[in-house]
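Residue numbers (UniProt numbering): 1 to 383.
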């Protein structure tokens with residue numbers, strides 16, 4: 001039996017919390033994300049000293065949701081393929097994971113979309129009003145348009161979100177398309193047992209993925225790169241170096257002198273991948289590599305980080321529903337100011353954690369069991 005890396009669970013929990021915080025910032029403090037997304041969020045032309053500190057790379061990395069999502073993908077590749085490197089594959093662990101992947105991911109997605117639809121038809125989404133007040137008109141205002149039908153919710157919950165990455169009811173589900181299809185790619189690759197020709201086989205597969213997915217291919221590459229981290233040998237000397245390299249690239253910003261010299265990934269006039277995504281992926285790989293090597297073990301295995309690791313998927317699925325309903329309601333109801341924003345943030349975090357805990361216990365955890373039983377049954381028939 002392969003050993004579970006508890007630090008990886010802690011990192012996943014921190015990444016999930018990062019995404020939730022980043023969306024809160026994007027909704028109610030949009031100018032803080034200008035250097036990450038200059039085309040979406042307006043610039044603060046009269047920043048205070050505190051604002052400059054909070055938007056510096058060393059701080060903004062903790063609410064850089066895109067970086068956190070790339071960490072998810074890298075972690076996914078690492079964890080999914082760990083059995084291939086740590087035990088005899090005759091037990092069919094990877095094949096079982098392949099068969100159970102849809103149920104494992106889509107049962108929680110189905111319930112999350114159902115919850116969102118109930119909130120939607122009840123008229124509880126107040127994100128448009130909140131966006132007009134906060135100035136997040138290019139982001140927060142775009143979600144939950146009128147005219148979403150029950151049939152749309154059914155299609156999203158069954159196949160549209162997990163296969164095509166389209167979800168009007170849980171917008172962050174674009175990542176689950178990458179997670180689902182990418183996990184199929186990487187599991188099929190390793191099930192084919194390419195050990196003797198791994199480099200050549202991987203190169204051919206990655207080229208094919210680029211032909212199919214173009215700019216989105218980088219997200220699928222993240223899952224493959226995560227799987228290759230299983231090859232790393234532990235080194236106490238390298239882990240700190242890996243962490244600081246990862247921290248630097250994970251904090252990438254536009255309009256910042258410490259990153260401006262970094263080139264775009266171009267072939268002629270074609271930008272192969274988005275610049276921020278490319279450098280954030282480098283950061284995600286190095287951060288994950290450092291954790292695999294044992295960096296930050298004590299912090300990542302604290303009870304609180306392990307708790308967030310346990311509810312990470314539930315938190316990712318539900319935080320947006322809470323943000324655009326409860327948090328938007330609190331935002332438009334309270335007078336605008338720092339104290340009100342802090343109260344709103346505290347309520348947001350508290351409710352997110354509570355709801356995610358319940359969802360994890362009654363939906364997410366049972367879905368793992370159902371997927372495992374299903375895949376075991378299918379695999380036993382094949383054998």
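Even glycine gets a Cβ: it sits at the ideal position worked out from N, Cα and C.
Bear in mind that the values here come from a model prediction, so they are computed numbers and not experimental data.
Three-state secondary structure assigned by DSSP to residue 82: By one-based count along the chain shown, residue 82 stands at place 82. Reduced to three states, the DSSP call for residue 82 is helix.
Assigned secondary structure, residue 334 (DSSP; H/G/I helix, E/B strand, else coil): Position 334 of the chain shown, counted from the first residue, corresponds to residue 334. Three-state DSSP puts residue 334 in coil, outside helix and strand.
C-beta contact flag for residue 255 and residue 57 at 8 Å: Translated into positions along the chain shown, residue 255 becomes position 255. Translated into positions along the chain shown, residue 57 becomes position 57. Not closer than 8 Å, so no.
Which listed residue (270, 249, 294 and 112) has its alpha carbon closest to that of residue 321: What you label residue 321 is simply residue 321 of the chain shown in a count that begins at 1. For residue 321, the nearest C-alpha among the options comes from 112.
Local conformation of residue 302 per DSSP, three classes: The sequence position of residue 302 within the chain shown is 302, counting from 1. Coil.
For residue 297, the three-state DSSP class (helix, strand or coil): For the purposes of this step, residue 297 is identified with residue 297 of the chain shown, where counting begins at 1. If DSSP states are grouped into helix, strand and coil, residue 297 belongs with the helices.
Beta-carbon proximity list for residue 286, same chain, < 6 Å, skipping 5 on both sides: The residue labelled residue 286 in the question sits at position 286 within the chain shown. Excluding sequence neighbours, residue 286 sits near 242, 245 and 246.
Terminal residues of the beta strand (DSSP E) in which residue 266 lies: Position 266 of the chain shown holds residue 266. Start and end: 265 to 267.
Within the region 171 to 224, ranges of the beta strand (DSSP E) (whole runs, at least 3 residues): The region 171 to 224 contains no whole beta strand (DSSP E) run of 3 or more residues.
Residue 414 - containing beta strand (DSSP E), residue span: As displayed, the chain neither begins before 1 nor continues past 383, which places residue 414 out of reach and without an answer.
Contact check, residue 276 vs residue 45, beta carbons under 8 Å: Residue 276 sits at position 276 when you count from the first residue of the chain shown. Residue 45 sits at position 45 when you count from the first residue of the chain shown. The answer is no: Cβ separation not under 8 Å.
With 16 other Cβ atoms within 10 Å as the buried cut-off, status of residue 303: The residue labelled residue 303 in the question sits at position 303 within the chain shown. Classification for residue 303: exposed.
Contact between the region 249 to 267 and the region 311 to 327 (3+ Cβ pairs under 8 Å): no
Coarse secondary structure for residue 163, derived from DSSP in three states: Along the chain shown, read from residue 1 onward, the residue named residue 163 stands at position 163. Residue 163 falls in the helix class under three-state DSSP.
Spatial distance of residue 68 from residue 296 (CA atoms): What you label residue 68 is simply residue 68 of the chain shown in a count that begins at 1. What you label residue 296 is simply residue 296 of the chain shown in a count that begins at 1. So the two alpha carbons sit approximately 17 Å from each other.
Rounded separation between residue 372 and residue 139 - CA only: As a first step, residue 372 is located in the chain shown; it is residue number 372 there, counting from the start. As a first step, residue 139 is located in the chain shown; it is residue number 139 there, counting from the start. One C-alpha to the other measures close to 38 Å.
Residues of its chain near residue 17, where Cβ-Cβ distance is below 6 Å and the 5 sequence neighbours each way are ignored: The residue you call residue 17 lines up with position 17 of the chain shown. Result list for residue 17: 308, in chain order.
Enclosing alpha helix (DSSP H) for residue 364 [first to last residue]: The residue labelled residue 364 in the question sits at position 364 within the chain shown. First-last for residue 364: undefined, no H or E at that position.
Within 8 Å, strictly: CB atoms of residue 98 and residue 191: Residue numbering aside, residue 98 sits at position 98 when the chain shown is read from its first letter. Residue numbering aside, residue 191 sits at position 191 when the chain shown is read from its first letter. For residue 98 and residue 191, yes; Cβs fall inside 8 Å.
Residue 86 versus 33, 5, 257 and 102, residue with shortest Cα-Cα distance: Residue mapping note: residue 86 aligns to position 86 of the chain shown, counting from 1. Measuring from the Cα of residue 86, the nearest candidate turns out to be 5.
CA-to-CA distance, residue 12 to residue 288, given in whole angstroms: Sequence index remark: in the chain shown, residue 288 carries index 288 (1-based). Sequence index remark: in the chain shown, residue 12 carries index 12 (1-based). About 10 Å.
Where residue 55 falls: helix, strand or coil (DSSP): Here the question's residue 55 lines up with position 55 in the chain shown. Correct three-state label for residue 55: coil.
Local conformation of residue 34 per DSSP, three classes: Walking along the chain shown from the start, residue 34 turns up at place 34. Correct three-state label for residue 34: coil.
Test item: CB-CB of residue 161 and residue 148 under 8 Å: Translated into the one-based positions of the chain shown, residue 161 becomes position 161. Translated into the one-based positions of the chain shown, residue 148 becomes position 148. No, Cβ-Cβ distance for residue 161 and residue 148 is not below 8 Å.
Own chain partners of residue 374 with C-beta closer than 6 Å, once the 5 adjacent residues on each side are dropped: Position 374 of the chain shown holds residue 374. Closer than 6 Å at Cβ, skipping near neighbours: 100 and 103.
Beta-carbon spacing of residue 31, residue 64 below 8 Å: In the chain shown, counting from the first residue as 1, residue 31 sits at position 31. In the chain shown, counting from the first residue as 1, residue 64 sits at position 64. Not a contact, by the Cβ cut-off of 8 Å.
Element boundaries [alpha helix (DSSP H), containing residue 46]: Within the chain shown, numbered from 1, the residue matching residue 46 stands at position 46. Per DSSP, residue 46 belongs to no alpha helix (DSSP H) and is neither H nor E.
Pairwise C-alpha distance: residue 312 and residue 135: If you number the chain shown from 1, residue 135 lands on position 135. If you number the chain shown from 1, residue 312 lands on position 312. Between residue 135 and residue 312, the C-alpha separation is close to 29 Å.
Which of helix, strand or coil DSSP assigns to residue 384: Lying outside 1 to 383, the shown extent of the chain, residue 384 is not represented and no answer is given.
Counted within 10 angstroms of its Cβ, other Cβ atoms place residue 222 as buried (16 or more) or exposed: For the purposes of this step, residue 222 is taken as the residue at position 222 of the chain shown. So residue 222 ends up on the buried side.
Test item: CB-CB of residue 341 and residue 72 under 8 Å: Numbered from its first residue, the chain shown carries residue 341 at position 341. Numbered from its first residue, the chain shown carries residue 72 at position 72. Their beta carbons are not under 8 Å apart, which means residue 341 does not touch residue 72 by this criterion.
The alpha helix (DSSP H) enclosing residue 259, as first and last residue numbers: Reading the chain shown from its first residue, position 259 is the one you call residue 259. Neither: residue 259 is in no alpha helix (DSSP H) and is coded neither H nor E.
Nonlocal neighbours in the same chain, by C-beta distance under 6 Å from residue 117, ignoring five residues either side: Counting from one through the chain shown, the residue named residue 117 turns up at place 117. Excluding residues within five positions, the ones whose Cβ falls inside 6 Å are 153 and 169.
C-beta atoms of residue 35 and residue 253 nearer than 8 Å: If you number the chain shown from 1, residue 35 lands on position 35. If you number the chain shown from 1, residue 253 lands on position 253. Contact check for residue 35 against residue 253 passes: the beta carbons are separated by less than 8 Å.
The region 174 to 182 / the region 229 to 242 touching (three or more Cβ pairs under 8 Å): no
Alpha-carbon to alpha-carbon, residue 95 and residue 351: Numbered from its first residue, the chain shown carries residue 351 at position 351. Numbered from its first residue, the chain shown carries residue 95 at position 95. Computed Cα separation, rounded: 37 Å.
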